[in-house]
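Asker:
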Amino acid sequence: MSVFGGIGFTAPWLLLALLALPILWLILRAVPPAPIRRRFPGVALLLGLADDESTTDRTPWWLLLLRMLAVAAIIIGLAGPVLNPQAEAEQGSGPLLMVLDGSWAGASGWDRQLAAVDAQLARTGRAERTVGILTLTNPQVPTFQSADAWRSRLAGLSPAPWQPSPAEIARATEIMADLPAFDTMWFSDGLDYPGRDDLLAALQTKGAVEVHQSANNVIGIAPAVYQDGAIDLTLRRASPGPEHDAVVQAHGRDPAGNARVLATANASFEAGATEATTSLSLPAELRARLTSFDIAGQRSAGARTLIDDGLRRREVALISGRGAQEGLQLLSPLHYIEQALAPSADLIDGTLSDVLPANPDVIVLADVATLSPAEAEPLQEWIDAGGMLIRFAGPRIAASDVSRIDEDPLMPVRLRAGGRSVGGAMSWGEPKALAPFRNGSPFFGLPVPDDVTVSAQVVAQPDPTLADRVIASLSDGTPLVTRKAVGQGQIVLFHVTATAEWSTLPLSGLFVQMMERLAVSSGASTPEAGSLEGTTWTPLRVMDGFGTLSDAGNLPGVAGPDLISAPAGPALPPGIYGSDDRRLARNVLTAETTLAPARWPSDVPLRGLALPPEQPLAGALLSLAILLLVADVLASLALSGLLLRRSTGSLALILGLGLPQMGDAQETDPESFAVRSASEVTLAHVLTGNADVDEVARAGLTGLSDTLYFRTTVEPALPTGVDLEQDELAFFPILYWPVTPDQPQPSTEAYGKLNDYLRSGGLILFDTRDADIASYGAASPNGRKLQELAAPLDIPPLEPLPGDHVLTRTFYLLQDYPGRYTSRDVWVEAAPPDAERIEGMPFRNLNDGVTPVVIGGNDWAAAWAVRRDGAPLLPIGRGYAGERQRELAYRFGVNLVMHVLTGNYKSDQVHVPALLDRLGQ
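Numbering (my numbering), first residue to last: 13 to 933.
1) When the distance is taken between beta carbons, is VAL912 closer than 8 Å to ILE776?
2) Any idea if GLY868 is buried or exposed, counting beta-carbon neighbours within 10 angstroms, 16 or more meaning buried?
3) What are the start and end residues of each continuous alpha helix (DSSP H) run of 4 or more residues lying completely inside the stretch 308-384, in chain order?
4) If we count the other Cβ atoms within 10 Å of its Cβ and call it buried at 16 or more, is ALA23 buried or exposed?
5) Would you mind sorting TYR721 into buried or exposed? The rule is 16 or more other CB atoms within 10 Å of its CB.
6) Under the rule that 16 or more other beta-carbon atoms within 10 Å means buried, what is LEU166, buried or exposed?
7) Quick check on GLY501: does DSSP put it in helix, strand or coil?
8) Just list the beta strand (DSSP E) runs in the stretch 617-654, keeping only unbroken ones of 3 residues or longer that don't cross its boundaries, in chain order.
9) Identify every residue that forms a DSSP beta bridge with ALA271.
10) Terminal residues of the continuous alpha helix (DSSP H) containing THR914?
11) For PHE21 and GLN757, I'd like the C-alpha separation in whole angstroms.
12) Looking at LEU323: is its Cβ nearer than 8 Å to the Cβ of LEU298?
13) Suppose the cutoff is 6 Å on Cβ atoms and the five residues either side in sequence are ignored; what does the same chain contact list for GLY701 look like?
14) For SER562, count the other beta carbons within 10 Å of its own beta carbon; 16 or more makes it buried, fewer makes it exposed. Which is it?
15) For ALA82, which residues from the same chain have a beta carbon less than 7 Å from its beta carbon, with the 5 sequence-adjacent residues on both sides left out?
16) Can you tell which of VAL460, GLY546 and ALA447 has the C-alpha that lies nearest to the C-alpha of GLY569?
17) Where does VAL94 land, buried or exposed, given buried means 16+ other C-beta within 10 angstroms?
18) Report back the beta-carbon spacing between GLY620 and SER226 to the nearest angstrom; my notes put them in contact at under 8 Å.
19) Pick out the complete alpha helix (DSSP H) segments inside the stretch 186-218, 4 residues or longer, and give them in chain order.
20) Between which two residues does the beta strand (DSSP E) containing THR560 stretch?
21) Could you check the C-alpha separation between ALA189 and LEU215 for me, to the nearest Å?
22) Is the Cβ-Cβ distance between LEU36 and ILE87 less than 8 Å?
23) The alpha helix (DSSP H) spanning SER717 covers which residue range?
24) Alpha carbon to alpha carbon, how far is ASP593 from ASP706?
25) Can you give me the start and stop residues for the beta strand (DSSP E) that VAL143 sits inside?
26) Going by DSSP in three states, GLN225 sits in which element: helix, strand or coil?
27) Go ahead and label GLU393 buried or exposed: buried means 16 or more other beta carbons lie within 10 angstroms of its beta carbon, across all protein chains shown.
28) State yes or no: is the C-beta of PRO235 within less than 8 Å of the C-beta of THR560?
29) Measuring straight from C-alpha to C-alpha, what distance separates THR155 and PRO613?
30) Have a look at GLY905 and VAL726 and give me their C-alpha separation to the nearest angstrom.
31) Name the one or two DSSP bridge partners that GLY232 has.
32) Going by alpha carbons, who is nearest to VAL708 out of GLY831, LEU446, ALA647 and MET197?
33) Label GLY253 either buried or exposed according to how many other C-beta atoms from any shown protein chain fall within 10 Å of its C-beta, with 16 as the threshold for buried.
34) When you compare the CB of LEU530 with every CB in chain D, is at least one pair closer than 8 Å?
35) Touching or not, the stretch 134-148 and the stretch 71-81, by the rule of three or more beta carbon pairs under 8 Å?
36) Do you know whose CA, among VAL153, ARG481 and VAL129, lies nearest ALA159's CA?
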């Protein structure tokens, strides 16, 4: 590309044709030739006569100039002019490697980064350079190929929810060593990380390095901490800057199970500060519903911190078989349990009949031997529903007959009479220590202190199931803690007391750790790596770089210490991990994480992402040439005297051919409007008064009309917008009505026309366009507006679109009905109560009517919408999945129109056997 005066030309040799313009000027100046002047007396006889046709003796200079400008515009346009071109010296030559950090830090500006990459690929493609792309969060050997090939694959790139690790940087450096020389264009996310300087040095040995980096400051949020009755939140940013306010949103589920923002808090960065703090004080019930804290306006994994058991303080009911004597608090059966659980659990006191209606998470019975039937039956139901019962032994249980001959339903094992103690009938020579916890036990990996000993206990009866129920034992193999599952819950028995009478276990830190492993309490902070030794955690839901949670699928489990201390990466993606009944969140930022800005050496050019885009000017110049030639034709007709006589036909033809066509507009003449609408099948949309929404509706029905034209025998005309107050509705088989919160309410006359339209077989597709945030109903402003709009309409009872409705098979066989969103909440007229499935038929025998309304919120027009060149107007999803979603949206639209035009025709075809049987009767 050659650059002249700030404008580049892809075919500069064509500009040589401009040298021929002076010659062309002389030729046009000489045509027509100048007349020869002669004196002829007979001319006097012609005086006073009008000449209808005249020819000028010379072409006027301004007309010659007009023609010269038209020819010059054609020549320059064919030379491929480009505004804001990148100079060849800046483009370089040879292979180019584009390096992307590809981390969560760039997720908020990912679209801008991809746009900058695309612009650079376009420029590199004109320079005919091969390109390779390397993402540092997942380094693979780059393939150098044409820039156009990479441009088609950019949509498949997405940020990872971690930063490049030292291992990934080492892998990238190793890849660089085996490649020939190349230049590098590095798209940085703006954060520093270990090994970045070494990678930069390796790239500089291969060729020139240029860095592109956004000027936006990176902001993240550390894990939430619960202390002193409040949730403390810490926000961090990479670079100090001016004062900045951020809003933290607490996301969770309401009592109906819908995801929503439950609370908000404001955090302020002071000028020059890199850290801001805020706190939230929420009741335990609301705190238990939290799923994450997000920084509003920041769409990245680092701007979201997930919630685990650390904030969900469990409710634990404590019940003992005997009370403490006054002044002897240390002898209370519940004293040590209260000390272990109070910092991290909400404790409930009372009788068993009092605490069961409160539905606590855990019930602890300390030396409670016998329960009445009125207490035992509801307790068993509570355990079946998922409750955990923890029992501690004691003198009462040792002296009772509970679970002696037959296993008690509220005991995990059968017990021997009397128990075992130092100096007793079944005595030990000395107190026994604990054996190491075996693999498979919830306590596996916990260190056993030497000073924890047991001097007395109740002993389990030998049973075939005993070995599977022992989760802790003494050094001689005697069971110390046993457990069994009951329904969705479980029963745990400590064979010692909850006090220090029979063992020193309640005096040790091991007692607290064992309670945490049983999920009785939830730690208020992230556990230490050593405390998770021996555990394996299974990923349940993982985050992507944008902070979106999805099912973990078949990802392998992670060792407990690695979950805490190992860096996030492909083998350890941030998300929610589970082990037994415990849940632990691995977030992008930890309490110790600091964000440092990326700083580059002075010899490395640093540019922003907002580069001036290259703009081809060929189309504009060629359009200008056409307009100049049209003006030349008009001027020539005017000079010859033909313009006034043929102005009506010629001018209309010239303007029709030369000027761009305007968008289709509705005729103001009611008769013309009726003729045009009734002559062909015309899809219509209700004008809402919102220009953007109305334009998307028009473009959406245009795309659906094109699809009907190419795939079916229906050949629709161009869609039109209708004014409910003025236009007749009877000409349109279907009305698409996008719902906006601020659209005006139709008048009484308009509702009369709408009800007549519905009763005469018309169909209205109400689209609240909010399926990404709410289901059908009043859960969103659009849903509430829909209820207001539909209240005066004569709408029959509705039901969710059943799987055997004719809409699922009028043209395509469908199970889902997506638009821009994928909610399955689509409502149609309810089937009659007597509708029943005919034997041997795949669906019910429904009536022949067309549902008068279809209600949903999937924003179908956005999925159907096309530009004037036929390309999709709005993006839907990503990659193949998005195009598949758009295809299903088109298919739903085709089914909808075919249903309006044919009714339950497809239903009748399958019912042929039943119809013939009835005719025979």
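Backbone N, C-alpha and C fix where the C-beta goes; we use that ideal spot for every residue, glycine too.
Answerer: A quick look at the data gives this:
1) Contact: no.
2) Residue environment for GLY868: buried (at least 16 other C-beta atoms within 10 angstroms of its C-beta).
3) Qualifying alpha helix (DSSP H) stretches, in chain order: 347-353 and 364-367.
4) Exposed, by the Cβ-count rule.
5) Counting C-beta atoms within 10 angstroms of its own C-beta, TYR721 has fewer than 16 neighbours from the protein chains shown and is therefore classed as exposed.
6) Burial call: exposed.
7) In the structure shown, GLY501 adopts extended strand secondary structure according to DSSP, grouped into three states.
8) As summarised for the stretch 617-654, there are no continuous beta strand (DSSP E) elements at least 3 residues long confined to that stretch.
9) BP columns for ALA271 point to ARG265.
10) Taken as a continuous stretch (DSSP letters only), the alpha helix (DSSP H) holding THR914 covers 891-914.
11) If you draw a straight line from the Cα of PHE21 to the Cα of GLN757, it is about 56 Å long.
12) In this structure, LEU298 does not lie closer than 8 Å to LEU323 by Cβ.
13) The beta carbon of GLY701 lies closer than 6 Å to those of GLN755 in the same chain, with the five residues before and after it left out.
14) The residue is exposed, with fewer than 16 neighbouring Cβ atoms inside 10 Å.
15) Annotation for ALA82: ALA637, LEU640, LEU641 and ASP644 place their beta carbon closer than 7 Å to its own, counting only its chain and skipping 5 residues before and after.
16) Looking at the Cα atoms, GLY546 is the closest of the given residues.
17) Its Cβ being crowded by 16 or more others within 10 Å, VAL94 is buried.
18) That pair is a contact at about 7 Å.
19) Secondary structure in the stretch 186-218: the alpha helix (DSSP H) runs of 4 residues or longer, each lying completely within the stretch, are 208-216 in chain order.
20) Careful: THR560 lies outside any beta strand (DSSP E) and carries neither H nor E.
21) Annotation: ALA189 to LEU215 spans about 9 Å, alpha carbon to alpha carbon.
22) No, the Cβ-Cβ distance between LEU36 and ILE87 is not below 8 Å.
23) First-last of the alpha helix (DSSP H) with SER717: 703-723.
24) Per the coordinates, the alpha-carbon of ASP593 lies some 51 Å from the alpha-carbon of ASP706.
25) VAL143 -> beta strand (DSSP E) spans 143-147.
26) DSSP places GLN225 in strand when its eight states are reduced to three.
27) Of the other Cβ atoms in all chains shown, fewer than 16 fall within 10 Å of the Cβ of GLU393; this residue is therefore exposed.
28) The answer is no: Cβ separation not under 8 Å.
29) Between the alpha carbons of THR155 and PRO613 lies a gap of roughly 28 Å.
30) Taking the straight line from one Cα to the other gives about 13 Å.
31) For GLY232, which the question treats as bridged, DSSP gives the partners ARG248.
32) For the residues GLY831, LEU446, ALA647 and MET197, the minimum Cα distance to VAL708 belongs to GLY831.
33) The residue in question, GLY253, is exposed, as its Cβ has fewer than 16 Cβ neighbours within 10 Å.
34) In the structure shown, chain D cannot be found, because there is only a single protein chain.
35) Contact fails: fewer than three Cβ-Cβ distances are below 8 Å.
36) Of the listed residues, the one whose Cα sits closest to ALA159 is VAL129.
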